[in-house]
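Under this note's numbering, think of the first position of the sequence shown as 431, with each following residue one higher.
Worksheet for the structure shown next.
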Amino acid sequence: MSAAPVITSVPAATERAAGARGALYVAEHQFRAMVAYKWTIVLVGLGSPLAYLLGIGLGLATLLDADVGQGPGGPVPYVMFVAPALLASAAVSVATEEFTYTVMSGFKWRRVFWGINATPVEPGQIVSGLVLAVMARMLFGGVLYFGLMILFGAVGDLSTGWLLPFVGVLGGLAFGLPLLAYSASLKDDAGQFAAVQRFVFTPLFLFSGTFYPLETLPSALHWIGWISPLWHASELGRVVSYGAPKPAWLVLVHVLVLVAFAVGGWLVARRTFTRRLR
431 MSAAPVITSV PAATERAAGA RGALYVAEHQ FRAMVAYKWT IVLVGLGSPL AYLLGIGLGL
491 ATLLDADVGQ GPGGPVPYVM FVAPALLASA AVSVATEEFT YTVMSGFKWR RVFWGINATP
551 VEPGQIVSGL VLAVMARMLF GGVLYFGLMI LFGAVGDLST GWLLPFVGVL GGLAFGLPLL
611 AYSASLKDDA GQFAAVQRFV FTPLFLFSGT FYPLETLPSA LHWIGWISPL WHASELGRVV
671 SYGAPKPAWL VLVHVLVLVA FAVGGWLVAR RTFTRRLR
């Protein structure tokens, strides 16, 4: 007769280590998963901004008669006006990808989150680790984008323009973390993510002052920009890129709105992960 299996508890030292570094363990796992499509990340990170800067920043500029962007010394080239918004849009696009299907995969298709939850790592740390990994990808893409902006002469002031990748990450989190909370609440993918792409991200991309000032839209559509993290990130990016003349209170509003979206989404996502995994 074979002896009954002995069930041992997790050593206290392991629990303490997971408690201190659990989010980093999850982030490491996500990084390793990203290695499988690393060249896609690199090519998209370089190809998309290059196509947009050539096609829109330079190509569309030849068709514009009026000055669109204003800097401290007067009008700025169209490519300089549109580039910060395109960088923010790229970060939001990454967040849209990573905080939808990746989350559904973790809960249902591959059930990775359930496996991690069986360890001393807490549900809140799973959220934090996932966010850290996505932040790193957004920052990587933002740095690549920023390098292309310099090559195209689309940065007016390098002394503050270096902040653009971080503004992009903040915009990506402001849009992505509420989306993460929503994705974590879904049990099945019945087309909700495609709907978010078509009916949320695309309209915001078109009507958030990305290609032209929000003021040029009919006043009835201004509210789209006011509630859009992409508009706030784009406007903040223009301030740090070429010193777009904005009052200090409005710059503060842009920062506070982005932080509020990001923090609120993170808190709801933590609560949703905890409820599902516990």
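Note that the Cβ used here is the ideal one computed from N, Cα and C, for glycine as well.
Problem set entry | Cβ shell of V533 (< 7 Å), same chain only, five flanking positions each side left out | By 1-based counting over the sequence shown, the position of residue 533 is 103. These residues qualify, in order along the chain: L610, S613 and A614.
Problem set entry | Start-end ranges of the alpha helix (DSSP H) lying completely within the stretch 643–708, minimum 4 residues | 652–656, 659–672 and 678–707
Problem set entry | Enclosing beta strand (DSSP E) for G499 [first to last residue] | As a first step, residue 499 must be located in the sequence shown, where it is residue number 69. Unbroken beta strand (DSSP E) run through G499: G499 to G501.
Exercise. Which value, in whole angstroms, describes the spacing of the CA atoms of F570 and A624?
Worked result: Working through the sequence shown from its first residue, we reach residue 570 at position 140. Working through the sequence shown from its first residue, we reach residue 624 at position 194. Their Cα atoms are separated by approximately 25 Å.
Exercise. Under three-state DSSP, which class holds G504?
Worked result: For the purposes of this step, residue 504 is taken as the residue at position 74 of the sequence shown. Strand at G504.
Exercise. Would P677 be called buried (16 or more neighbouring beta carbons within 10 Å of its own) or exposed?
Worked result: The residue labelled residue 677 in the question sits at position 247 within the sequence shown. Exposed, since its Cβ has fewer than 16 Cβ neighbours within 10 Å.
Exercise. Nearest-angstrom Cα distance between W696 and V472?
Worked result: Residue numbering aside, residue 696 sits at position 266 when the sequence shown is read from its first letter. Residue numbering aside, residue 472 sits at position 42 when the sequence shown is read from its first letter. Cα-Cα distance, rounded: 27 Å.
Exercise. So, helix, strand or coil for R451, using DSSP?
Worked result: Your numbering for residue 451 matches position 21 in the sequence shown. Three-state DSSP puts R451 in a helix.
For this session: Give the single residue among H684, D619, H459 and I486 whose Cα lies nearest to the Cα of G512.
Result: As a first step, residue 512 must be located in the sequence shown, where it is residue number 82. Note on identity: in this sequence residue 512 is Val, with Gly being the wrong assignment. With distances taken between Cα atoms, V512 lies closest to I486.
Problem set entry | Closer than 6 Å: W469 CB and nearest the ligand SAH heavy atom | Judged by which ligands are present, the structure shown has none, so any question about the ligand SAH falls away.
For this session: In angstroms with no decimal places, state the Cα-to-Cα distance between T549 and V456.
Result: The sequence position of residue 549 within the sequence shown is 119, counting from 1. The sequence position of residue 456 within the sequence shown is 26, counting from 1. Spanning the two alpha carbons is a distance of roughly 11 Å.
Exercise. Under three-state DSSP, which class holds G475?
Worked result: For the purposes of this step, residue 475 is taken as the residue at position 45 of the sequence shown. DSSP places G475 in helix when its eight states are reduced to three.
Exercise. When you compare only the Cα positions, how much space is there between A520 and E665?
Worked result: Locating residue 520 in the sequence shown gives position 90, where the first residue counts as 1. Locating residue 665 in the sequence shown gives position 235, where the first residue counts as 1. One C-alpha to the other measures close to 15 Å.
Exercise. Do you know how far the Cα of V689 is from the Cα of L600?
Worked result: Residue mapping note: residue 600 aligns to position 170 of the sequence shown, counting from 1. Residue mapping note: residue 689 aligns to position 259 of the sequence shown, counting from 1. Whole-angstrom Cα-Cα distance: 7 Å.
Exercise. For P514, which residues of its own chain have a beta-carbon under 7 Å away from its beta-carbon, when the five flanking residues on both sides are left out?
Worked result: Residue 514 sits at position 84 when you count from the first residue of the sequence shown. These residues qualify, in order along the chain: L594, S664, G667, R668 and S671.
Exercise. How is W539 classed by DSSP in three states: helix, strand or coil?
Worked result: To locate residue 539, count along the sequence shown from 1; it is residue 109. Looking at W539 - three-state DSSP - the assignment turns out to be helix.
For this session: If I'm right that L634 touches A692 with Cβ under 8 Å, what's the distance once you round it to whole angstroms?
Result: Mapped onto the sequence shown, residue 634 falls at position 204. Mapped onto the sequence shown, residue 692 falls at position 262. Going by Cβ atoms, the distance from L634 to A692 rounds to 16 Å, so no, they are not a contact pair.
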